[in-house]
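Working notes, structure below.
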Amino acid sequence: MPAANAAAKSAVCLAIEILPIRRRTCRFRLKARAGRATWQAGGPGVQEANQLERLGMLLAGNLAIAYVGFFVAFAGLEAAFSKGRDPGSSAHGRLIVNFSLPIASGLIALIIPFGVTTSAYFAEQRQWGLFHQIDAPALIVLIAAMLSRTGLGYLVHRLSHAVPWLWRLHKVHHCDPHVDISLSLRHHPLELLPGLLVFSAGTLLLGLPVWSVALVEAVLIAAGYSDHLDVRLPPRAAQWLRLLFVTPEVHHLHHSAERAQTDSNFGSLLICWDRLFTTYREPGSEIVHRYGLDEIDAGDANSLWAQLALPFVRAAGAARRVPALTGTQSTARNASETRTRTSMWRLSESRQERCDVGAERVDGIAAFHDDQALLTERCDTAPDGAIIPRLQPEV
Numbered sequence: 051m052p053a054a055n056a057a058a059k060s061a062v063c064l065a066i067e068i069l070p071i072r073r074r075t076c077r078f079r080l081k082a083r084a085g086r087a088t089w090q091a092g093g094p095g096v097q098e099a100n101q102l103e104r105l106g107m108l109l110a111g112n113l114a115i116a117y118v119g120f121f122v123a124f125a126g127l128e129a130a131f132s133k134g135r136d137p138g139s140s141a142h143g144r145l146i147v148n149f150s151l152p153i154a155s156g157l158i159a160l161i162i163p164f165g166v167t168t169s170a171y172f173a174e175q176r177q178w179g180l181f182h183q184i185d186a187p188a189l190i191v192l193i194a195a196m197l198s199r200t201g202l203g204y205l206v207h208r209l210s211h212a213v214p215w216l217w218r219l220h221k222v223h224h225c226d227p228h229v230d231i232s233l234s235l236r237h238h239p240l241e242l243l244p245g246l247l248v249f250s251a252g253t254l255l256l257g258l259p260v261w262s263v264a265l266v267e268a269v270l271i272a273a274g275y276s277d278h279l280d281v282r283l284p285p286r287a288a289q290w291l292r293l294l295f296v297t298p299e300v301h302h303l304h305h306s307a308e309r310a311q312t313d314s315n316f317g318s319l320l321i322c323w324d325r326l327f328t329t330y331r332e333p334g335s336e337i338v339h340r341y342g343l344d345e346i347d348a349g350d351a352n353s354l355w356a357q358l359a360l361p362f363v364r365a366a367g368a369a370r371r372v373p374a375l376t377g378t379q380s381t382a383r384n385a386s387e388t389r390t391r392t393s394m395w396r397l398s399e400s401r402q403e404r405c406d407v408g409a410e411r412v413d414g415i416a417a418f419h420d421d422q423a424l425l426t427e428r429c430d431t432a433p434d435g436a437i438i439p440r441l442q443p444e445v
């Protein structure tokens, strides 16, 4: 074991020395004490301190490369092992939206990794936070960084489904009726700002060093891609992986059009938070009939401008979302919502279907209640005399 540790340390040191990294020497050195690495102010300058710190700056400075590199790697895996692409998943409009959203916002998806690592550097320079006040092994610091970041990510994601204005931003990600790696890029530019504030605050309070934050952010970039992969893992491997990690099947369930399934499996990378807060649903016992949101039609879902404007347009999907209920109330509500959404879906899927109330055909009347928004199915008559149902919110 000592030989392995020495070899690993030598490899890291060699990699750092051959890379052209320049920066001011940190005032806080890493000192070996009782066989563990600890941060101390004013300690002697030892090589291990510069190694970890320069490694952190290397990772932080190359998160953009990781963002693109991981995408290319996972896209290759998806192309090689796809479980069978859904019809329409390669539609030009859909791909334009998914790839243009991060470009239109100036690759704003990188704002969280860069923002959080900047907060870590800021805390390090001022010695703010828990781990700048106590001695802790590097492994403990890394575990704390991983648990805090994934735990806060779970919290922000769950609130994005429960708080109305957060949902209006987040639902852009859920509009896509197909799930593959391109969906991991589909986020409204403003959606990431609340997360940045929460994650930066957590980094400052804990005083996490730059190297730990940058490493965790790089891992989460990869996890964000893997969660959306259109692949099917071997059943035995998937079952074992789901004990600790979020697999594609777990996250695909979260993108279901059914409300009960959407309000589950909020975590990324680690499955422990969903299990702890009882929001985990086992994909092996669930069937996803369709993805996306029923209230968003394909035209709007595949329009870049419609998606950018979606949070600011008062529509059926903008209704207040409330946290999922439990027990008998949850069962009754889920059953009611399933019947409602199924009825709406059947009305909308056929352009030739007639609107009937009882035994009589009544144009313009067929109301359904979804959450707190009252939707009215209005019928227009086409030139050939066919009845065309159109779903729109009641004013």
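Mind the numbering: the sequence shown is residues 51 to 445 in this note's numbering, read in order.
For each residue, glycine too, the CB sits at the ideal point set by N, CA and C.
Just so it is clear, the structure is predicted and the values come from calculations on it, not from any experiment.
Item, Value
"Relative to the C-alpha of Val338, which residue among Leu303, Asp185, Glu332 and Phe131 is closest?", "Leu303"
"So, for Gln311: in the same chain, excluding its five sequence neighbours on each side, which residues have a beta-carbon less than 6 Å away from its beta-carbon?", "Leu303"
"Quick one: grab the DSSP three-state call for Val300.", "helix"
"Report yes if the C-beta distance between Val269 and Val166 is below 9 Å; otherwise report no.", "no"
"Thinking C-alpha only, which one of Leu320, Val118, Leu205 and Lys221 is nearest Ala356?", "Lys221"
"Under 8 Å by Cβ, that's how I've got Asp313 and Val296 pegged, so tell me the actual separation to the nearest angstrom.", "Not really, about 16 Å apart at Cβ, beyond 8 Å."
"What ranges does the alpha helix (DSSP H) occupy inside the segment 268 to 329, keeping only unbroken runs of at least 4 residues that lie completely in it?", "285 to 291, 298 to 304, 309 to 312 and 322 to 326"
"Output the distance between the C-alpha atoms of Glu336 and Arg236, rounded to the nearest integer angstrom.", "25 Å"
"Quick one: is Leu216 buried, meaning 16 or more other Cβ sit within 10 Å of its Cβ, or exposed?", "buried"
"Among the residues of its own chain, which have a CB less than 8 Å from the CB of Gln183, if the five just before and after it don't count?", "Gln177 and Gly257"
"Can you tell me whether Glu332 is buried or exposed, with buried defined as 16 or more other CB within 10 angstroms of its CB?", "exposed"
"Can you list, in chain order, the residues of its chain whose CB lies under 7 Å from that of Ser198, leaving out five sequence neighbours each side?", "Gly252 and Leu256"
"Answer yes or no: do Leu127 and Val281 have a C-beta to C-beta separation smaller than 9 Å?", "yes"
"Measure the alpha-carbon distance for Ser250 versus Pro361 and round it to whole angstroms.", "24 Å"
"Using only alpha-carbon positions, find the residue among Leu293, Ser306, Ile190 and Ala123 that is nearest to His228.", "Ser306"
"What residue ranges within the segment 237 to 263 form continuous beta strand (DSSP E) runs of no fewer than 3 residues, ordered along the chain?", "none"
"Which complete alpha helix (DSSP H) runs does the segment 326 to 357 hold, if anything under 4 residues is left out?", "348 to 351"
"Can you give me the start and stop residues for the alpha helix (DSSP H) that Val222 sits inside?", "Pro214 to His224"
"Could you compute how far the alpha carbon of Val213 sits from the alpha carbon of Leu219?", "10 Å"
"Going by CA-CA distance only, name the one from Ala272, Leu243 and Ala188 that's closest to Ile231.", "Ala272"
"Quick check: the Cα distance between Gly179 and Ala130, rounded to an integer number of angstroms?", "45 Å"
"Just to check my reading of the structure: Tyr171 and Val260 have Cβ atoms closer than 8 Å, yes? What is that Cβ distance to the nearest angstrom?", "5 Å"
"Cβ atoms of Glu267 and Ile115: under 9 Å apart, would you say?", "no"
"What does a CB cutoff of less than 6 Å around Glu241 pick up in its chain, not counting 5 residues either side in sequence?", "Leu219 and His220"
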